[in-house]
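Undergrad:
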Amino acid sequence: NAGVMQNPRHLVRRRGQEARLRCSPMKGHSHVYWYRQLPEEGLKFMVYLQKENIIDESGMPKERFSAEFPKEGPSILRIQQVVRGDSAAYFCASSPTGQGGVGELFFGEGSRLTVL
Amino acid sequence: DAKTTQPPSMDCAEGRAANLPCNHSTISGNEYVYWYRQIHSQGPQYIIHGLKNNETNEMASLIITEDRKSSTLILPHATLRDTAVYYCIVRGSNTGNQFYFGTGTSLTVIP
Chain D
1 NAGVMQNPRH
11 LVRRRGQEAR
21 LRCSPMKGHS
31 HVYWYRQLPE
41 EGLKFMVYLQ
51 KENIIDESGM
61 PKERFSAEFP
71 KEGPSILRIQ
81 QVVRGDSAAY
91 FCASSPTGQG
101 GVGELFFGEG
111 SRLTVL
Chain B
1001 DAKTTQPPSM
1011 DCAEGRAANL
1021 PCNHSTISGN
1031 EYVYWYRQIH
1041 SQGPQYIIHG
1051 LKNNETNEMA
1061 SLIITEDRKS
1071 STLILPHATL
1081 RDTAVYYCIV
1091 RGSNTGNQFY
1101 FGTGTSLTVI
1111 P
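Protein sequence lines correspond, in order, to chains D and B. In terms of my numbering, the first sequence opens at residue 1 and continues consecutively. In terms of my numbering, the second sequence opens at residue 1001 and continues consecutively.
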């Protein structure tokens, strides 16, 4: 049973370009979470999605960031017009249960974005 | 965000038990305590979770005080591969059922 798959593992963008990070949850998981980790800091919650729905985006920056989890295909975190401050590791996690459950999160290995 | 307090760093001799403390004095009755670890910028790894009773699995033991205001994660025989940042997380309806990670404890296992 494959774990949470994230790609690309490493992404380099110039300021002003767009970054797209993809996350395929574990088989049978319909709940996806995105976290950001700045260098030397802890993980910060960004957004929680179920299939075709954003459930909680309280941690998402108001501008330039968006996330989706379509009925088919992976979840995508999109960052438009990237700036140097967006350089970070972005982790995706999935869970078989949502907010009402007590199941743990399973994390991917992360996508490391570097903005030049 | 995070409702927990952990020491920023700890050392432990290889082969000895590592005891990592966590304070969560404002925990509510329906909130669980979870522990994760992150080895050298890899994705966080689930270790264990509990509500009131002590828990044990193949990785670790979780001891929760009777008043639930603090807990201790115990790695019974620490190895060099246990060197990591350990996060204590309180999760429940009061936190929107989200996992909020603090800064954790950086555990270094010394040969």
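Yeah, the Cβ is synthetic: ideal placement off N, Cα and C, and Gly gets one too.
Just the C-alpha distance for Leu77(D) and Ser95(D), rounded to the nearest angstrom, thanks.
TA: C-alpha separation (whole angstroms): 17 Å.
Undergrad: Rounded to a whole number of angstroms, what is the C-alpha to C-alpha distance between Pro1021(B) and Ser1106(B)?
TA: Distance between the alpha carbons of Pro1021(B) and Ser1106(B) is about 12 Å.
Undergrad: Sort Thr1083(B), Trp1035(B), Ile1039(B), His1040(B) by Cα distance to Gly1050(B) and report the nearest one.
TA: Per the Cα distances, Trp1035(B).
Undergrad: Measuring alpha carbon to alpha carbon, tell me which of Ser30(D), Arg13(D), Met26(D) ends up nearest Phe106(D).
TA: Of Ser30(D), Arg13(D), Met26(D), the residue nearest in Cα terms is Met26(D).
Undergrad: Who are the neighbours of Pro1044(B) on chain D, taking C-beta pairs under 9 Å?
TA: Those within 9 Å of Pro1044(B) in chain D are Tyr35, Leu43, Phe91, Ala93, Leu105, Phe107.
Undergrad: Can you give me the start and stop residues for the beta strand (DSSP E) that Ile1063(B) sits inside?
TA: Taken as a continuous stretch (DSSP letters only), the beta strand (DSSP E) holding Ile1063(B) covers 1061-1064.
Undergrad: When burial is assigned at 16 or more other CB atoms within 10 Å of the CB, is Gly108(D) buried or exposed?
TA: Buried, since its Cβ has 16 or more Cβ neighbours within 10 Å.
Undergrad: Mind listing the chain B neighbours of Gly110(D)? Cutoff is C-beta to C-beta under 9 Å, in chain order.
TA: Neighbours of Gly110(D) on chain B, chain order: Ser1041, Gln1042, Gly1043.
Undergrad: What three-state label does DSSP hand Asp1067(B) in the structure shown?
TA: Asp1067(B): coil per DSSP, three-state reduction.
Undergrad: What first and last residue would you give for the beta strand (DSSP E) that runs through Asn1019(B)?
TA: Where Asn1019(B) is concerned, the enclosing beta strand (DSSP E) stretches over 1018-1023.
Undergrad: Give me the residue from Leu1075(B), Lys1003(B), Ser1009(B) with the minimum Cα distance to Ser1028(B).
TA: When only C-alpha atoms are compared, the closest one is Lys1003(B).
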